[in-house]
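Undergrad: First the structure, which I've put down as structure tokens, then a few questions once you've had a look.
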Amino acid sequence: MKFLIVVGYSIVCALLLALFSHIEDLFKYIFSLGALFTGIQFFKRHEGRGMRIAFVVTTIVLYFLFAVIYAFYLAMKTVQLPAAS
């Protein structure tokens, strides 16, 4: 059960951070505050050092995973096919 709690909070936090890093508008700071709020709520409810370390590490790994997936999505969306000769 603790595993699911850590993964759930980490997914939410990583998605918010990924949105923060990819949006170019002033609206992006709302996602940053959401990630900060999610982290604070997790740290309030779970005082174990192991769960906190797992949360931070899992969030970082998932953030990079979501960033790579979004980069692949953009690359596939903007691919230029060569003209048929």
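Under our numbering, the residues of the sequence shown are numbered 918 to 1002, in order. Even glycine gets a Cβ: it sits at the ideal position worked out from N, Cα and C. Since the structure is predicted, the reported quantities are computational estimates derived from the model, not experimental observations.
Give the secondary structure of Ala1000 by DSSP, where H, G and I count as helix, E and B as strand, and everything else as coil.
TA: Along the sequence shown, read from residue 1 onward, the residue named residue 1000 stands at position 83. Coil at Ala1000, not helix or strand.
Undergrad: Cβ of Thr955 within 8 Å of Cβ of Tyr987?
TA: What you label residue 955 is simply residue 38 of the sequence shown in a count that begins at 1. What you label residue 987 is simply residue 70 of the sequence shown in a count that begins at 1. Contact: no.
Undergrad: Excluding the 5 residues flanking Phe989 on each side, which residues of the same chain have their C-beta closer than 7 Å to its C-beta?
TA: Within the sequence shown, residue 989 is the residue found at index 72, counting from 1. Around Phe989: no qualifying Cβ.
Undergrad: Where do the ends of the alpha helix (DSSP H) carrying Met993 lie?
TA: Your numbering for residue 993 matches position 76 in the sequence shown. That run of the alpha helix (DSSP H) goes Arg966 to Lys994.
Undergrad: When we look at the beta-carbon of Tyr980 and count the other beta-carbons within 10 Å, is it buried (16 or more) or exposed?
TA: Locating residue 980 in the sequence shown gives position 63, where the first residue counts as 1. That one is buried.
Undergrad: If we ignore side chains and look at the alpha-carbon of each, how far apart do Glu964 and Met918 end up?
TA: Here residue 964 refers to the residue found at position 47 of the sequence shown. Here residue 918 refers to the residue found at position 1 of the sequence shown. Straight-line Cα distance between these residues: approximately 16 Å.
Undergrad: Contact defined as beta carbons within less than 8 Å: I believe Ser976 pairs with Ala935. What is the distance between those atoms, to the nearest angstrom?
TA: Working through the sequence shown from its first residue, we reach residue 976 at position 59. Working through the sequence shown from its first residue, we reach residue 935 at position 18. The displayed chain sequence assigns Thr, not Ser, to residue 976. Wrong, their Cβ atoms sit about 10 Å apart, outside the cutoff.
Undergrad: Nearest to Ile922 by alpha carbon, out of Leu991, Lys994 and Gly967?
TA: Position 5 of the sequence shown, counting from 1, holds the residue named residue 922. The residue with the shortest Cα to Cα distance from Ile922 is Gly967.
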